[in-house]
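Trainee: Following this message is one structure expressed as structure tokens.
2 protein chains.
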Amino acid sequence: MIAAVRPSISTMPGLTIGDTIPDLELETTHGKIKIHDYVGDSFCIIFSHPADFTPVCTTELGGMAKCMPEFQKSGVKLLGVSCDDVESHKEWIKDVESFTPGSHVRYPIAADPKREAIKQLNMVDPDEKDAEGKPLPSRALHIVGPDRKVKASMLYPASTGRSMEEVVRVVQSLQLAAKYMVATPVNWKPGDPVVISPGVSDEEAKRMFPQGFEVKDLPSKKGYLRFTQIES
Amino acid sequence: MIAAVRPSISTMPGLTIGDTIPDLELETTHGKIKIHDYVGDSFCIIFSHPADFTPVCTTELGGMAKCMPEFQKSGVKLLGVSCDDVESHKEWIKDVESFTPGSHVRYPIAADPKREAIKQLNMVDPDEKDAEGKPLPSRALHIVGPDRKVKASMLYPASTGRSMEEVVRVVQSLQLAAKYMVATPVNWKPGDPVVISPGVSDEEAKRMFPQGFEVKDLPSKKGYLRFTQIES
């Protein structure tokens with residue numbers, strides 16, 4: 584009899600866009616947190632960093648903290664994750680805030696010394712190990728919607744720090760698309776025109792977007808590329 | 584007898600950073616391509632779009648085409664993927680090039696009507712279906728290294744067009760980190776200072792970076808945040 588072979592989590596991590604974020608209970612710098620309770624009915628950014636007291640991470644957590652006013656205005660919560668313990672996080676926050684003047688790390692950072700959360704959250708970097716050979720997190724970032732589903736993910740390695748402008752841009756795109764039947768074109772920035780979703784007929788679009796819209800004249804003459812302006 | 588239950592690919596897609604890209608044979612606008620042969624010893628960006636003749640995709644493929652000179656300078660190849668057939672791609676390219684003046688879609692676009700490639704490449708968007716109820720790709724983008732491993736991924740939904748600036752930025756970060764023992768901090772842009780990897784001792788750093796480096800003075804006094812300038 585051949586045993587059922589199930590791919591191991593480390594070679595086949597599950598979490599991708601459309602999946603519900605697992606409702607893990609995490610020890611954090613703000614005490615115990617259950618992910619679904621923490622997300623509540625907000626958008627939430629759950630992001631990992633390889634290790635406390637390392638260079639890129641120190642610049643990144645300051646960058647996230649500096650964008651807190653922006654995120655709070657949009658009702659977006661933040662949750663950091665690494666494998667270091669809570670005491671280490673608390674000591675390290677002093678470095679983070681010192682390096683990025685004006686940053687206050689007011690969001691919780693979870694401690695995952697057993698590497699259970701980072702496996703379930705698809706945040707393992709197979710190329711990075713700590714001094715004891717244990718796996719370390721990648722620079723993974725999931726934007727979770729109020730339905731607790733992953734809407735977008737950026738999976739970067741330890742060597743590439745994120746762009747806060749890109750994180751804010753994607754959150755604002757997701758929030759616009761959740762509110763209106765629109766999508767954001769390549770290189771869109773907040774305030775730029777958006778496109779009307781293909782499922783919306785021209786008749787419906789006239790009702791939904793009384794401000795009007797412009798149909799691009801393309802060789803196919805299919806009329807699918809329609810721009811409109813949404814006031815934010 | 585109970586059949587071995589293997590999680591379905593749609594609920595447990597495998598491909599994440601560190602994984603080798605599957606060596607699929609794809610029908611493309613440039614003929615048959617085997618992914619590993621195509622990657623060769625270059626960096627390669629493999630990216631999906633939900634469907635031909637839809638608004639965001641038309642802006643995005645033009646954006647990718649417009650960055651071709653930048654990518655060619657860095658030796659980076661491009662490969663598009665969607666579920667439409669090759670004839671559809673070829674017709675649609677006329678719209679793409681018409682919308683983005685100066686863009687020439689010179690990279691291949693693969694046709695995956697059977698949805699086999701998008702499943703194996705973790706490019707399925709479970710929230711999007713075509714008129715027949717078949718799955719559609721998300722706006723997934725994998726940056727694959729010369730070792731055919733996924734170095735970074737951006738998984739965006741149909742409603743969020745990518746930022747070409749961010750794609751170029753991440754590619755340049757990955758290429759710098761592949762060449763020198765450095766990493767790029769939050770919000771780094773090409774030409775900005777980089778940080779020296781934690782594994783490099785100060786003694787080694789003096790040899791590796793004769794241009795010198797600056798150690799940031801932080802409350803922990805651990806001296807791990809070291810900036811240097813790399814000429815590109």
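Chains as they are written, first to last, in the numbering used here: chain A, 584 to 815; chain B, 584 to 815.
All C-beta atoms, glycine included, are put in the ideal place defined by N, C-alpha and C.
Which full runs of the beta strand (DSSP E) of 3+ residues lie inside the segment 612 to 656 of chain A, going along the chain?
Mentor: Listed in chain order, they are 614 to 617 and 626 to 631.
Trainee: Output, in chain order, the set of chain A residues within a Cβ distance shorter than 9 Å of B:Gly744.
Mentor: Sequence index remark: in the second sequence, residue 744 of chain B carries index 161 (1-based). Going along chain A in sequence order, the residues near B:Gly744 (Cβ under 9 Å) are Ser756, Ala766, Thr767, Pro768, Val769, Asn770, Trp771 and Val778.
Trainee: So, using beta-carbon positions, are A:Trp771 and A:Val765 closer together than 8 Å?
Mentor: As a working note, residue 771 of chain A is residue 188 in the first sequence. As a working note, residue 765 of chain A is residue 182 in the first sequence. Result no, Cβ atoms of A:Trp771 and A:Val765 do not sit closer than 8 Å.
Trainee: Does B:Arg790 pass the burial test, meaning 16 or more other C-beta atoms within 10 Å, or should it be called exposed?
Mentor: Within the second sequence, the letter at position 207 stands for residue 790 of chain B. Looking at its Cβ environment, which holds fewer than 16 other Cβ atoms inside 10 Å, B:Arg790 is exposed.
Trainee: Please tell me whether B:Ala714 has its Cβ less than 8 Å away from any Cβ of chain A.
Mentor: Here the question's residue 714 of chain B lines up with position 131 in the second sequence. No, B:Ala714 does not count as interfacial toward chain A.
Trainee: What's the gap between the Cα of B:Asp775 and the Cα of B:Gln812?
Mentor: Translated into positions along the second sequence, residue 775 of chain B becomes position 192. Translated into positions along the second sequence, residue 812 of chain B becomes position 229. Their backbone Cα atoms lie some 7 Å apart in a straight line.
Trainee: Which residues in the same chain as A:Gly555 place their Cβ atom closer than 8 Å to its Cβ, once the five residues preceding and following it in sequence are excluded?
Mentor: The structure shown does not extend to residue 555 of chain A, since chain A spans only 584 to 815, so no value can be given for it.
Trainee: Give the DSSP bridge partners of A:Gly663, in chain order.
Mentor: As a working mapping, residue 663 of chain A is identified with position 80 in the first sequence. Its beta-bridge partners are A:Phe630 and A:Ile692.
Trainee: Quick one: residues in its chain with C-beta nearer than 7 Å to the C-beta of A:Ile592, no 5 flanking neighbours on either side, listed in chain order?
Mentor: The sequence position of residue 592 of chain A within the first sequence is 9, counting from 1. Because the pLDDT of A:Ile592 is 37, which lies under 50, any placement of that residue in the model is unreliable, and the number read from its coordinates should be weighed accordingly. Closer than 7 Å at the Cβ level, and outside the excluded window around A:Ile592, lie Lys702.
Trainee: Any Cβ of chain A within less than 8 Å of the Cβ of B:Asp785?
Mentor: Here residue 785 of chain B is taken as the residue at index 202 of the second sequence, counted from 1. Not closer than 8 Å to any Cβ of chain A, the Cβ of B:Asp785 fails to qualify, so no.
Trainee: Residues of chain A with CB under 9 Å from B:Pro729, in chain order?
Mentor: Start at 1 with the first residue of the second sequence, and residue 729 of chain B comes out as number 146. Under the 9 Å cutoff, chain A gives no residues; its nearest Cβ is about 15 Å from B:Pro729.
Trainee: Counting only C-beta atoms, is B:Ala760 closer than 8 Å to chain A at any point?
Mentor: Here residue 760 of chain B is taken as the residue at index 177 of the second sequence, counted from 1. Chain A contact via Cβ: present.
Trainee: Are A:Ile779 and A:Val753 close, meaning C-beta to C-beta below 8 Å?
Mentor: Stepping through the first sequence from its first residue, residue 779 of chain A is reached at position 196. Stepping through the first sequence from its first residue, residue 753 of chain A is reached at position 170. Contact: no.
Trainee: My output table needs one value for A:Ala741: the three-state DSSP class, helix, strand or coil.
Mentor: Here residue 741 of chain A is taken as the residue at index 158 of the first sequence, counted from 1. A:Ala741: coil per DSSP, three-state reduction.
Trainee: Note down, in chain order, every chain B residue with its Cβ under 7 Å from the Cβ of A:Glu749.
Mentor: The residue you call residue 749 of chain A lines up with position 166 of the first sequence. Those are Ser746 and Glu749, listed as they occur along chain B.
Trainee: Give every residue of the same chain whose Cβ lies closer than 7 Å to the Cβ of A:Glu653, excluding the five residues on either side of it in the sequence, and list them in chain order.
Mentor: Here residue 653 of chain A is taken as the residue at index 70 of the first sequence, counted from 1. Contacts found: Val751.
Trainee: How about the segment 661 to 670 of chain B and the segment 694 to 711 of chain B: do they share at least three Cβ pairs that are nearer than 8 Å?
Mentor: The segment 661 to 670 of chain B vs the segment 694 to 711 of chain B: in contact.
Trainee: Taking the straight line between their C-alpha atoms, what separation do you get for B:Cys650 and A:Leu719?
Mentor: What you label residue 650 of chain B is simply residue 67 of the second sequence in a count that begins at 1. What you label residue 719 of chain A is simply residue 136 of the first sequence in a count that begins at 1. One C-alpha to the other measures close to 34 Å.
Trainee: Tell me the DSSP secondary structure of B:Ala817 in three-state form.
Mentor: A question about residue 817 of chain B goes unanswered here, because the residues of chain B that appear run from 584 up to 815.
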